[in-house]
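Written below as structure tokens is the structure these notes are about.
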Amino acid sequence: MANFISRLESVTRWFPASMPSAERQLVRKLDWLVLPYACLSFFVKYLDVSALTNAYVSGMKQDLDLSGNKLNYINAAYEVGYVVFQIPSNMVLIKYPAQYYLPAAEIFWGLFTLGTAFVQTYEQLVVMRFFVGLSATSCYVGLVHVVNSWYKKQELGRRNALFWIANPIGQMFAGYLQAAAYTNLNNNHGLQGWRWLFIVCTIITIPVALIGFLIFPDMPERTKSRFLNAEEKALANKRLQEEGFKPSSGLDKTIIKRIFTSWRFYAFVLLLVIFCNMTYSEATPFILWLDSQPDKYPVALVNNLSTVTNGAAVAGALIMSFYSDIRGSRTEPIILSGILCIFANLVLSI
């Protein structure tokens with residue numbers, strides 16, 4: 022096993038060739054402390070979030086009379102909770118240990134996901150999704166912040182890719198779980214298959230949060246991880262200082278002014294909005310289009326086919342990230358990905 026891992030590290034150029042042995046040992050340990058929980062947490066977030074659409078096409082629509090634009094309003098309730106508490110939640114993260122705050126938030130959204138399994142009305146569903154969104158606000162930004170705080174720039178591309186692909190993998194598993202729940206658990210103990218999906222999601226979510234409490238190392242400058250000795254903690258901070266990284270100090274007038282007077286803030290916000298709009302077409306509209314043809318696509322097949330685009334996203338992210346790290350360029354993959362998204366959406370519009 023050790024030989025296999027060593028060979029895999031060599032083939033993937035996981036470590037720079039010039040990295041000293043002690044630093045390589047530290048980074049390898051960080052890969053086992055930081056990435057597993059970050060990836061699993063991001064996975065279950067999108068598992069829980071994507072479960073709604075899979076449930077919708079698997080009986081929820083009829084059982085709760087979700088006609089017209091009700092699905093859009095339910096999704097909007099989630100986004101309202103997510104957006105409103107985004108900044109306050111992540112300001113809390115600056116002050117309190119990430120290894121406690123992030124898993125605690127995960128437990129809360131897991132419990133609200135469980136509550137979704139037992140809603141009886143549209144109004145109850147809106148409330149549950151709002152609180153799922155509220156609880157999940159810290160997940161993506163918080164995890165990205167912690168992950169990026171431990172690694173040097175040339176180490177980040179492929180590690181961020183491993184973290185990010187947990188998103189489409191979570192969406193894929195939501196489809197597979199719903200197909201299995203509809204086929205094997207529908208009306209078991211008097212609960213419809215779509216309700217079982219939310220129960221199973223919760224059963225997966227809570228243990229992941231507990232893993233976070235146990236192993237997640239918090240930020241480098243304040244970590245108290247039992248899995249890192251004093252020399253490793255000192256080395257972790259030293260190598261980041263050499264990169265010019267500084268600990269987060271919160272917001273003040275100077276930082277706020279620097280943010281809103283920087284062209285990068287506006288450019289990257291605009292790019293992210295465009296990216297999210299372009300990639301939206303391969304998610305909810307696709308599965309709803311499949312669902313609109315029940316004679317051709319039964320429920321289980323709808324949930325399985327909807328995962329194809331997520332599989333492509335996983336492959337694309339891995340290829341682009343390794344290319345980015347090897348080439349030492351972030352610009353080229355961004356431009357190429359943008360061109361592919363534009364082309365795909367033009368094809369869909371014809």
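Going by our numbering, the first residue of the sequence shown is number 22, and it counts up by one from there.
We put the CB at the ideal spot given by N, CA and C, even for glycine.
Supposed contact pair residue j and residue i - C-beta distance, whole angstroms, cut 8 angstroms
i: I227; j: I128; result: 6 angstroms
i: N111; j: V167; result: At roughly 11 angstroms, the Cβ-Cβ gap does not stay under 8 angstroms, so N111 and V167 are not in contact.
i: K18; j: G178; result: Within the shown structure, residues of the chain are numbered from 22 to 371, placing residue 18 beyond reach of any answer.
i: L198; j: V221; result: 6 angstroms
i: S72; j: F234; result: The amino acid occupying residue 72 in the given sequence is Ala; Ser does not appear at that position. No, A72 and F234 are not in contact; Cβ-Cβ is about 24 angstroms, not under 8 angstroms.
i: A338; j: W185; result: 6 angstroms
i: Q120; j: P268; result: Between P268 and Q120 the Cβ distance is about 16 angstroms, and since that is not below 8 angstroms, they are no contact.
i: A3; j: C160; result: The requested residue 3 does not occur in the structure, where the chain is confined to residues 22 to 371.
i: P189; j: V335; result: 5 angstroms
Backbone secondary structure at residue i - three-state DSSP
i: N208; result: coil
i: G163; result: helix
i: I190; result: helix
i: E100; result: helix
i: Y67; result: helix
i: Y203; result: helix
i: T328; result: coil
i: I371; result: coil
i: W35; result: coil
i: Q314; result: coil
i: S350; result: coil
i: P41; result: coil
i: S62; result: helix
i: G178; result: helix
i: D52; result: helix
i: N196; result: According to the sequence provided, residue 196 is Gly. The question's Asn does not apply to it. In this structure, G196 counts as helix in the three-state DSSP scheme.
Of the listed residues the options, nearest to residue i (C-alpha basis)
i: G214; options: A125, N75, I360 and T134; result: N75
i: F151; options: Q175, L132, L123 and N169; result: L132
i: L322; options: L311, N331, G332 and T330; result: L311
i: Y203; options: S79, L47, S39 and A336; result: S79
i: L135; options: A72, T223, L198 and S159; result: T223
i: V148; options: N96, L114 and P118; result: N96
i: S156; options: K259, D239, S62 and M193; result: S62
i: I355; options: A365, F364 and S342; result: S342
i: T328; options: I340, F307 and Y117; result: F307
i: K259; options: F25, S88, L47 and I115; result: L47
i: V70; options: R243, Y99 and L114; result: Y99
Min CB distance residue i to chain B below 9 angstroms
i: V70; result: Protein chains in the displayed structure number just one, and chain B is not present.
Cα-Cα separation between residue i and residue j, rounded to whole angstroms
i: W53; j: I236; result: 9 angstroms
i: A200; j: K317; result: 16 angstroms
i: V294; j: G154; result: 18 angstroms
i: K245; j: Y122; result: 15 angstroms
i: R45; j: F36; result: 7 angstroms
i: L206; j: Q314; result: 23 angstroms
i: L261; j: M40; result: 14 angstroms
i: T142; j: K174; result: 49 angstroms
i: R279; j: D273; result: 10 angstroms
i: A59; j: N181; result: 10 angstroms
i: G349; j: F289; result: 20 angstroms
i: S370; j: V105; result: 33 angstroms
i: L56; j: S283; result: 31 angstroms
i: S345; j: E353; result: 8 angstroms
i: K91; j: V101; result: 15 angstroms
i: L212; j: K82; result: 15 angstroms
i: D86; j: A195; result: 22 angstroms
i: A138; j: W217; result: 7 angstroms
i: N325; j: F266; result: 43 angstroms
| query | Which full runs of the alpha helix (DSSP H) of 4+ residues lie inside the region 212–285, going along the chain? | reply | Here the runs fully enclosed are 214–236, 251–263 and 274–281.
| At what residue ranges does the region 99–175 contain a whole run of the alpha helix (DSSP H), taking only runs of 4 or more? | Correct list: 107–116, 119–137, 143–156 and 158–171.
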